[in-house]
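Input: a single structure, listed below in structure tokens.
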DNA sequence: GTCTAATCTTGACAGTGTCAAAATAAAATT
DNA sequence: AATTTTATTTTGACACTGTCAAGATTAGAC
């Protein structure tokens with residue numbers, strides 16, 4: 089237990105902030121996450137966080153970055169399993185959707201407008217995101233060789249397109265449009281069939 | 089020219105508001121659209137808009153609704169063309185992406201979190217969105233008959249999945265992730281190939 | 001021409017992100 | 001051990017946001 093309290097110096101503000109922010113995020117969404125409320129929750133004054141994160145934007149980037157790391161770790165662990173390539177891909181799709189569904193707020197941060205358009209992604213976040221995408225592309229290449237994904241185009245294009253599809257499904261789920269919770273499984277299954285090469289009967 | 093000024097009663101506030109709001113939206117994004125700024129632009133006091141729209145949310149819903157109407161009109165006009173079914177579908181995909189790309193802020197409103205998750209979609213907006221989707225499903229059914237889209241599943245599932253894919257691509261474009269402007273055409277092409285049934289050689 | 005309903009304004013409140021300057025404590029240096 | 005430097009944290013302030021309540025102004029109905 090590394091808990092020390094009531095001292096003027098908090099001792100571990102940076103990680104406390106990220107942790108508390110992640111909690112608020114999951115419970116109340118980004119809208120409920122304000123710098124002031126966050127500071128209050130950690131037990132520190134309004135502007136204290138600003139000495140560790142230049143911006144609210146930087147805080148959010150840090151959380152998103154952790155999300156990418158987590159997502160990549162999951163992919164990595166899946167890839168280390170001994171399993172048929174196709175089966176593995178199927179599992180990945182389910183895993184991806186599940187990640188987006190259970191960590192919706194983090195997912196939204198990772199790929200959402202708030203950081204990438206409205207805000208300014210940290211270079212460190214950009215790196216993490218690029219790396220995650222690169223890992224995906226490498227795997228796509230292999231999936232093409234294994235005839236799981238189509239080879240009608242470069243790994244980049246196939247990777248972009250298929251990932252865009254997964255992303256689209258995730259978004260609809262998260263935002264709750266045209267699609268409710270009960271449809272998840274059927275949709276995921278259908279998505280897999282669309283993405284994968286039709287079996288040569 | 090229906091311009092009348094300096095009268096206490098504006099005369100045509102409702103539509104003026106929507107119009108001005110749409111302008112701000114396109115130029116500065118949702119972040120730049122505040123009720124106060126909007127009122128100012130129209131030349132009216134801060135709270136005047138609140139007598140025509142209960143909420144900022146309601147204003148946004150109105151804009152989004154107009155977007156759905158526009159989108160549906162475009163689909164309708166495309167459907168009335170005499171053209172091979174497949175070709176028509178291809179054109180639709182291009183058209184869809186182009187809509188999302190040029191009207192990004194409206195598109196974001198139509199399908200984004202701000203209204204559907206954070207806010208509360210107007211029942212009138214819900215209707216418009218549902219109808220747009222239903223029109224799409226009807227067409228999907230026909231596309232299946234024409235062997236343009238796969239028939240491995242119900243029109244609902246195929247429609248949801250393929251639309252999710254289009255949506256995902258649009259989002260990546262809008263938010264600018266993993267994908268830049270130069271990739272649009274190639275990606276759209278690849279998306280079409282993924283979605284459509286492979287030709288039985 | 002008076003009354004009523006529609007429309008618009010002023011004032012106010014609580015909340016937001018964030019900057020500048022001052023306060024405090026810990027670490028480094030003498 | 002005393003002093004200086006650096007790392008932290010706080011208080012005060014500003015401009016901005018959405019929106020409510022109460023009052024002012026005007027248009028249309030009778």
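Protein chains in written order, with our numbering: chain R, 89 to 289; chain Y, 89 to 289.
Here a beta-carbon is modelled for each residue, glycine too, at the ideal position from N, C-alpha and C.
Mind pulling the alpha helix (DSSP H) runs of 4 or more residues that sit fully within the segment 147 to 191 of chain Y?
173 to 190
Integer Cβ distance of residue 123 of chain R from residue 152 of chain R, believed to fall under 8 Å
As a working note, residue 123 of chain R is residue 35 in the first chain. As a working note, residue 152 of chain R is residue 64 in the first chain. That belief does not hold up - the Cβ atoms of residue 123 of chain R and residue 152 of chain R are roughly 16 Å apart, past 8 Å.
Is there a C-beta anywhere in chain R that falls below 7 Å from the one on residue 281 of chain Y?
Locating residue 281 of chain Y in the second chain gives position 193, counting from the first residue. For residue 281 of chain Y, the answer is yes, since a Cβ of chain R falls inside 7 Å of its Cβ.
Extent of the continuous alpha helix (DSSP H) run through residue 276 of chain R:
Numbered from its first residue, the first chain carries residue 276 of chain R at position 188. Where residue 276 of chain R is concerned, the enclosing alpha helix (DSSP H) stretches over 272 to 283.
Can you find the residues in the same chain that come closer than 6 Å, C-beta to C-beta, to residue 300 of chain Y, ignoring five residues on each side of it along the sequence?
Because chain Y in this structure spans residues 89 to 289, residue 300 of chain Y falls outside the shown range and cannot be described.
Residue environment, residue 165 of chain Y, which counts as buried when at least 16 other CB atoms sit within 10 Å:
Position 77 of the second chain holds residue 165 of chain Y. It is exposed - the Cβ of residue 165 of chain Y has fewer than 16 other Cβ atoms within 10 Å.
Under 8 Å (Cβ pairs) to chain R, residues found in the segment 197 to 210 of chain Y:
Cβ contacts with chain R come from 199, 200, 201, 204, 205, 206.
Using CA coordinates, which residue listed in Y/185, Y/186, Y/229, Y/146 is at the minimum distance from residue 211 of chain Y?
Position 123 of the second chain, counted from the start, is the residue given in the question as residue 211 of chain Y. Among Y/185, Y/186, Y/229, Y/146, the Cα nearest to that of residue 211 of chain Y belongs to Y/146.
Taking only beta-carbon positions, decide if residue 47 of chain Y is within less than 7 Å of chain R.
Because chain Y in this structure spans residues 89 to 289, residue 47 of chain Y falls outside the shown range and cannot be described.
Can you list, in chain order, the residues of the segment 239 to 255 of chain R whose Cβ is nearer than 8 Å to any Cβ on chain Y?
240, 241, 245, 246, 248, 249, 250, 251, 252, 253, 254, 255
Can you tell me the Cα-Cα spacing of residue 281 of chain Y and residue 246 of chain R, whole angstroms?
For the purposes of this step, residue 281 of chain Y is taken as residue 193 along the second chain, with counting starting at 1. For the purposes of this step, residue 246 of chain R is taken as residue 158 along the first chain, with counting starting at 1. Approximately 10 Å between the Cα atoms of the pair.
Decide if residue 220 of chain Y is buried, meaning its Cβ has at least 16 other Cβ atoms within 10 Å, or exposed.
Translated into positions along the second chain, residue 220 of chain Y becomes position 132. Looking at its Cβ environment, which holds 16 or more other Cβ atoms inside 10 Å, residue 220 of chain Y is buried.
With distances taken Cα to Cα, identify the nearest neighbour of residue 235 of chain R among R/139, R/172, R/201.
Taking the first residue of the first chain as 1, we reach residue 235 of chain R at position 147. Answer by Cα proximity: R/172.
Take residue 107 of chain Y and list the residues in its own chain whose beta-carbon comes closer than 7 Å to its own, dropping the five residues that flank it on each side.
Taking the first residue of the second chain as 1, we reach residue 107 of chain Y at position 19. For residue 107 of chain Y, where only same-chain residues beyond five positions count, there are no Cβ hits under 7 Å.
Taking 7 Å as the limit between beta carbons, can you name the residues of its chain near residue 120 of chain Y, skipping five residues before and five after?
Position 32 of the second chain, counting from 1, holds the residue named residue 120 of chain Y. Correct list, in chain order: 112.
In the DSSP assignment, find the alpha helix (DSSP H) that holds residue 242 of chain R and state where it starts and stops.
Taking the first chain and counting its residues from 1, the one referred to as residue 242 of chain R is at position 154. Per DSSP, residue 242 of chain R belongs to no alpha helix (DSSP H) and is neither H nor E.
Residues of its chain near residue 232 of chain R, where Cβ-Cβ distance is below 7 Å and the 5 sequence neighbours each way are ignored:
Translated into the one-based positions of the first chain, residue 232 of chain R becomes position 144. Around residue 232 of chain R: 239, 243, 246.
Cβ-based contacts, 9 Å cut-off: residues of the segment 114 to 145 of chain R near chain Y
117, 118, 119
Counting only C-beta atoms, is residue 221 of chain Y closer than 7 Å to chain R at any point?
Along the second chain, one-based indexing puts residue 221 of chain Y at 133. It does: the Cβ of residue 221 of chain Y has a partner Cβ on chain R nearer than 7 Å.
7 Å is my cut-off, CB to CB: does residue 288 of chain R come that close to chain Y?
Against the first chain, residue 288 of chain R aligns to sequence position 200. With a pLDDT of 46 at residue 288 of chain R, under the threshold of 50, the modelled position of this residue cannot be trusted, and the question is left open.
If we cut at 7 Å on Cβ distances, does residue 234 of chain Y have a partner in chain R?
Here the question's residue 234 of chain Y lines up with position 146 in the second chain. Chain R contact via Cβ: absent.
Say whether the segment 127 to 134 of chain Y touches the segment 182 to 195 of chain Y, bearing in mind that this needs 3 or more beta-carbon pairs closer than 8 Å, one atom from each stretch.
no
Could you name the residues of the same chain whose beta carbon sits closer than 8 Å to that of residue 266 of chain Y, not counting the 5 residues immediately before and after it, in chain order?
Here residue 266 of chain Y corresponds to residue number 178 of the second chain, with the count starting at 1. Closer than 8 Å at the Cβ level, and outside the excluded window around residue 266 of chain Y, lie 260.
Show which residues of chain Y have a CB atom less than 8 Å away from the CB atom of residue 100 of chain R.
Along the first chain, read from residue 1 onward, the residue named residue 100 of chain R stands at position 12. Near residue 100 of chain R there are no residues of chain Y at all, since even the closest Cβ is about 32 Å away, more than 8 Å.
Is it right to say residue 95 of chain Y is buried, meaning 16 or more other beta carbons lie within 10 angstroms of its own, or is it exposed?
What you label residue 95 of chain Y is simply residue 7 of the second chain in a count that begins at 1. So residue 95 of chain Y counts as exposed.
Mind pulling the chain Y residues with CB within less than 7 Å of residue 266 of chain R?
Residue numbering aside, residue 266 of chain R sits at position 178 when the first chain is read from its first letter. Those are 221, 248, listed as they occur along chain Y.
C-alpha distance - residue 179 of chain Y paired with residue 248 of chain R, whole-angstrom precision:
Position 91 of the second chain, counting from 1, holds the residue named residue 179 of chain Y. Position 160 of the first chain, counting from 1, holds the residue named residue 248 of chain R. Looking at the two C-alpha atoms, the distance is approximately 21 Å.
Distance, residue 208 of chain R Cα to residue 275 of chain R Cα:
For this step, residue 275 of chain R is matched to residue 187 along the first chain. For this step, residue 208 of chain R is matched to residue 120 along the first chain. Roughly 33 Å between the two C-alpha positions.
Contacts around residue 272 of chain R, its chain only, beta-carbon distance under 8 Å, and the 5 residues preceding and following it disregarded:
Start at 1 with the first residue of the first chain, and residue 272 of chain R comes out as number 184. The beta carbon of residue 272 of chain R is closer than 8 Å to those of 185, 189, 261 in its chain, skipping five residues each way along the sequence.
Terminal residues of the alpha helix (DSSP H) in which residue 220 of chain R lies:
Locating residue 220 of chain R in the first chain gives position 132, where the first residue counts as 1. Residues 211 to 233.
So that I know if they touch, is there some Cβ in chain R lying closer than 7 Å to that of residue 147 of chain Y?
Position 59 of the second chain, counted from the first residue, corresponds to residue 147 of chain Y. No, residue 147 of chain Y lies away from the interface with chain R (no Cβ there is under 7 Å from its Cβ).
Is it buried or exposed, residue 255 of chain R, if we count other Cβ atoms within 10 angstroms and call 16 or more buried?
As a position in the first chain, residue 255 of chain R is number 167, starting the count at 1. Buried, since its Cβ has 16 or more Cβ neighbours within 10 Å.
Distance, residue 177 of chain Y Cα to residue 126 of chain R Cα:
Position 38 of the first chain holds residue 126 of chain R. Position 89 of the second chain holds residue 177 of chain Y. Their Cα atoms are separated by approximately 49 Å.
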